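Okay, structure coming up:
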């Protein structure tokens, strides 16, 4: 085979000495708040991205100042669980070392900080380390934060599923000591052979990011089919016995490039709990070896499966795992939303789910969310659970402590807002001004957009129906917009593509209905569709299914063919 | 040997003469140089060269100046011209260029010297100032002298250096021609009077002869413009761009001014004198506070103009002086102000925090018989004086433009915004705003003549301005030698003045090193002096390699702290004791390797 020119990042990884690059030198350069181009790719593996305030770019150019660079650091919190003690540490970092003075819950059950100046990165990572938290592999071409249904109601099953998620996350961490050396000032050990340094990943890691989730039916809050690798828990008599394995999901695509498309994962069959690591490693190494390293836009696992074929891929995974898939078990997954308010678990403990709009934990007049969570953390005896819908669960509250916790939540505006069904099921990505990829607003504009949706639903008398609405500033899909019943993906400031037709449960993708339209057009379109839906829907029919049934959009069954077709 | 490498050790010339020769030749083109060399050779051969070195000092009026901002030099120069026109042989020189061994031969010595900060001598006067107080100072029984001291009466040690010179010369036996003249910031009238008085006093001592005029250094330098402080050029502002970020608590402007076809020229290191108009809002506030009519015709000198215009264009409103505080205390009868005006230290503090408008509003003239008419008001107020800004550009790069880095002085008092007069004028300027300017040369702040000489620049805050000019000059000349900048300000993100330009200079290899100190970006404050200490090893090595050291910016604290840090480096790294370290930097200073532009 002739030598093919690989994607630029492949050479960066090869030359990086296991993700070290010149990050240390970059930290020492006090004349700029940025890292070199190459290091900007490598720092992702350490959990953070370089960003700049895009609102200020032109202004600062005139001021003879470089762009206002800052960093977004994302922690690795498998399953989104952290202790009150950890939360207090997380909160203190936000208040003292970031310019945004806020914490943002992500769509992958972790938190991230925005507005970190370069000089504070090391302190933050060391402070996180003191709380037994890290940001290793929170971004980059590696296994990212592993999601797991955080619903503590079925406490035993959840506990078992969470243990698997945690194990997956820890087992598949990069082994390089670059993170410890650069951030924690640990000594550099002599470099040994590749196989010893990174037994699973090797020198060039994966071709692209790799996302995993563990779902506990009937909930599908983790949106399991949107992940590269998914594990849907199968229980017998309340005990975990294994998982239905799914693989090949992913949201990212590029506007105007039909060779790229979002895709939901395929079902591969049932595996036993004790075989989880074998299968996870097998899927990851097949992707490592077969994945496209020439074109990064075609390098996710979903394309590997499409390009090599489902059967061939499955056989290779079984070969590497040394175990065969069993036929998939019947499980029903349903709601992708969270259960807001108090819920009692089977163990008699209480759990309070708080709606956090766009996941932004910040103190504002009348809504002192950050202070509220801090005050709760000071007295809470259970734990905190971040959900994949960017919300927060105060979990494991004894009955006698309920009133105190609720009092604090109400006092600080964490509870008590009137929440429509649709708002409770909807998410948006960060987008402008910090995300370098964003083409349009998302988080900043989304609450206002949902106000319009709420008004339209009220107008047509369909407010009781939850509709999954998701908005992103670009087609990379952080808020999983292609799995939304109403998906809005930014094209340009104020302009979005409108996608319709995904299932409520997250088992079918949506499809573009209108391209590059503005708010007025979007609302007019939805006004008309809601009108029809109110009159023509079948009993219990969700909005996404309705739009497919009546032919507004065609159903996407095979994403490679149907999404653009 | 190249002229720029010439020193007094290697020639029959004195150091002062060498400097003058260098200065003159540096302004000549290759063709001019060739012509001059030929001309001088021919004259020497003919035996007709004016016997400069053998001038009978006893028959010469020697005029020396010690000047930081150029005012002293201007006064001395004007005196020299007047003396020459009356037929005296004159030797005009900067104190820094003067050979102290000549003192014994002098018969008439006229000194103009300013005072800075806490009673300090200007850089070029330091050596002579020290020498006169030292044991080496000779008896000067045959010397007649007069001293004109420049100062600012808002400072505690008003005219201190002038007082020192006066006292020391007297102590050495010299005879005073006139009592010490102490001039405040509006020195012009007093200086003119001194010119006349002192030349009158010299008359019986020295013969005049039109044949023996020696006009060293008074020739109009090539390229010198007709535009001066008193006859400024009316230029146009091109840009007044804020260069601190949105989140900064200070407003620093990059101002570009078009010198058009004025022919004004400057060198990297020079300053620009800026005449400004007072803000009309401020003037209206004063007029209203005093119940005076804007259009009342008043007289300034021989000119008649409306009161408002007089206040806008002619009078100092944004800087108080002690005399005005005292006068106002008496006018208002305010007990608090009266008490305060008796205490020099308190007055000094007070005038830093107040303007005339504050006197008017906070200490109103009460309802008693006191009224202040327009004429009396104008009498109270000093004439407007221009402000000097270190130039932030090089003409090799910007040609007929001149760039300034201006920090807007702003404060709030009792809800009213108060601004520095000139900085507010420049910060509010629009494209096309007229501004009267002149160039104030600063020979004591010049890049080394040898491009190979390493350069260390310490310029926190707007002190970075002349170093931008240095960089432009070096880049235009294609100089790639060692050059190192220390910069500091409160916040990295908001206050890194000209950040992108420094980055570019670094990238291109035009700037070798930069060390930055952002004082408020961490719990403990870090300033340039801390960086200097951190980098002591390298800095000392640079100095050993012959580096020139430049400091620009705040005189009150920064320059002192930096000097202290340098001393500590010399002690800790260089292994010198404190006295030797002081002497080391003293030597650097007299070798012109340690230059300051501080204010």
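Chains as they are written, first to last, in the numbering used here: chain A, 1 to 565; chain B, 566 to 1164.
For every residue, glycine included, the Cβ atom is placed at its ideal position computed from N, Cα and C.
Everything numeric in this text was worked out from a predicted model, so none of it was measured.
7 Å Cβ cutoff met for residue i and residue j
i	j	result
residue 851 (chain B)	residue 922 (chain B)	yes
residue 805 (chain B)	residue 1060 (chain B)	no
residue 299 (chain A)	residue 208 (chain A)	yes
residue 665 (chain B)	residue 626 (chain B)	no
residue 211 (chain A)	residue 237 (chain A)	no
residue 988 (chain B)	residue 974 (chain B)	yes
residue 872 (chain B)	residue 843 (chain B)	no
residue 716 (chain B)	residue 689 (chain B)	no
residue 526 (chain A)	residue 419 (chain A)	no
residue 355 (chain A)	residue 391 (chain A)	yes
residue 247 (chain A)	residue 279 (chain A)	no
residue 1048 (chain B)	residue 1077 (chain B)	yes
residue 683 (chain B)	residue 722 (chain B)	yes
residue 359 (chain A)	residue 104 (chain A)	yes
residue 440 (chain A)	residue 428 (chain A)	no
residue 241 (chain A)	residue 234 (chain A)	yes
Range of the contiguous beta strand (DSSP E) that encloses residue i
i	result
residue 871 (chain B)	868-871
residue 392 (chain A)	392-397
residue 1007 (chain B)	From DSSP, residue 1007 (chain B) is part of no beta strand (DSSP E); its letter is neither H nor E.
residue 386 (chain A)	383-386
residue 111 (chain A)	111-116
residue 52 (chain A)	48-52
residue 750 (chain B)	Unbroken run through residue 750 (chain B): none, as it is neither H nor E.
residue 1159 (chain B)	1159-1163
residue 1023 (chain B)	1020-1023
residue 244 (chain A)	239-247
DSSP bridge partner residues for residue i (one or two, in chain order)
i	result
residue 679 (chain B)	B:715
residue 326 (chain A)	A:270
residue 471 (chain A)	A:428, A:488
residue 1105 (chain B)	Answer by DSSP bridge pairing: none, since residue 1105 (chain B) is not bridged.
residue 976 (chain B)	B:983
residue 509 (chain A)	A:556
residue 511 (chain B)	Here chain B covers residues 566 to 1164 and nothing more, so residue 511 (chain B) does not appear.
Endpoints, the alpha helix (DSSP H) within which residue i is located
i	result
residue 665 (chain B)	Element bounds for residue 665 (chain B): n/a, residue is neither H nor E.
residue 911 (chain B)	909-918
residue 161 (chain A)	155-171
residue 1059 (chain B)	1057-1060
residue 320 (chain A)	310-321
residue 851 (chain B)	845-854
residue 901 (chain B)	900-906
residue 941 (chain B)	939-945
Nearest-angstrom Cβ-Cβ length linking residue i and residue j, presumed shorter than 8 Å
i	j	result
residue 35 (chain A)	residue 49 (chain A)	Going by Cβ atoms, the distance from residue 35 (chain A) to residue 49 (chain A) rounds to 10 Å, so no, they are not a contact pair.
residue 834 (chain B)	residue 990 (chain B)	With 8 Å as the limit, residue 834 (chain B) and residue 990 (chain B) do not qualify as a contact, their Cβ atoms being about 24 Å apart.
residue 80 (chain A)	residue 386 (chain A)	4 Å
residue 153 (chain A)	residue 430 (chain A)	Not quite, the Cβ-Cβ distance comes to about 30 Å (not below 8 Å), so this is no contact.
residue 543 (chain A)	residue 467 (chain A)	5 Å
residue 438 (chain A)	residue 490 (chain A)	6 Å
residue 970 (chain B)	residue 1027 (chain B)	5 Å
residue 1081 (chain B)	residue 1117 (chain B)	Wrong, their Cβ atoms sit about 16 Å apart, outside the cutoff.
residue 800 (chain B)	residue 825 (chain B)	7 Å
Tell me, please, whether the stretch 408-416 of chain A touches the stretch 447-465 of chain A by the rule of three or more beta-carbon pairs shorter than 8 Å. no
Does the stretch 260-269 of chain A touch the stretch 374-388 of chain A, meaning 3 or more C-beta pairs lie closer than 8 Å? no
For the 8 Å Cβ check, are there 3 or more pairs between the stretch 157-166 of chain A and the stretch 89-104 of chain A? no
Name the residues in the stretch 1086-1117 of chain B whose C-beta lies less than 8 Å from a C-beta of chain C; which are they? No chain C is present in this structure, whose protein chains are A and B.
Could you tell me whether the stretch 380-398 of chain A touches the stretch 133-142 of chain A, where touching means 3 or more Cβ pairs closer than 8 Å? no
Check whether the stretch 943-956 of chain B and the stretch 897-911 of chain B touch, using three or more Cβ-Cβ pairs below 8 Å as the test. no
On the three-pair Cβ rule with 8 Å, is the stretch 1054-1074 of chain B touching the stretch 1118-1135 of chain B? no
Please determine if the stretch 61-78 of chain A and the stretch 26-45 of chain A are in contact, where contact requires at least 3 C-beta pairs separated by less than 8 Å. Enough Cβ pairs lie closer than 8 Å, so yes.
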